[in-house]
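Numbering (UniProt numbering), first residue to last: 1 to 77.
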Ligand SMILES: [Zn+2]
């Protein structure tokens with residue numbers, strides 16, 4: 001899971017990136033974690049870029065995040 005965050009921050013070297021991509025193909029819980037983090041990152045970038053994201057979009061993102069979190073918690077990784 002730490003590697004996912006490193007990957008998102010662009011801190012992994014080439015071989016580690018390939019290993020992580022391979023793992024994501026085989027491990028849906030990690031994909032959920034990865035996607036949630038991507039969403040959080042884009043949400044943060046949006047809120048930095050302008051005063052606030054459109055409320056409808058923000059609601060959609062938050063809904064999707066909570067759905068993903070529930071999925072991750074239910075499924076044992
Ligand atoms: Zn995994």
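Glycine included, every Cβ here is placed at the ideal spot set by N, Cα and C. Nothing here was measured: the structure is a model prediction, and the numbers come from that model.
Return the residue from the list 23, 38, 28, 18 that minimises the CA-CA distance to residue 9. The option with the nearest alpha carbon to residue 9 is 38.
Thinking residue 31 and residue 24 are a contact (beta carbons under 8 Å), I'd like their distance in whole angstroms, please.
Right, the Cβ-Cβ distance comes to about 5 Å (below 8 Å), so this counts as a contact.
- Message: Can you tell me where the alpha helix (DSSP H) holding residue 15 begins and where it ends?
- Response: Here the alpha helix (DSSP H) through residue 15 covers 14 to 26.
Where does residue 29 sit, in a helix, a strand or coil, going by DSSP? For residue 29, the secondary structure class from DSSP, reduced to helix, strand or coil, is helix.
* To do: Would you kindly check if the distance between the Cβ of residue 12 and the Cβ of residue 3 is under 8 Å?
  => In contact: residue 3 and residue 12 (Cβ atoms closer than 8 Å).
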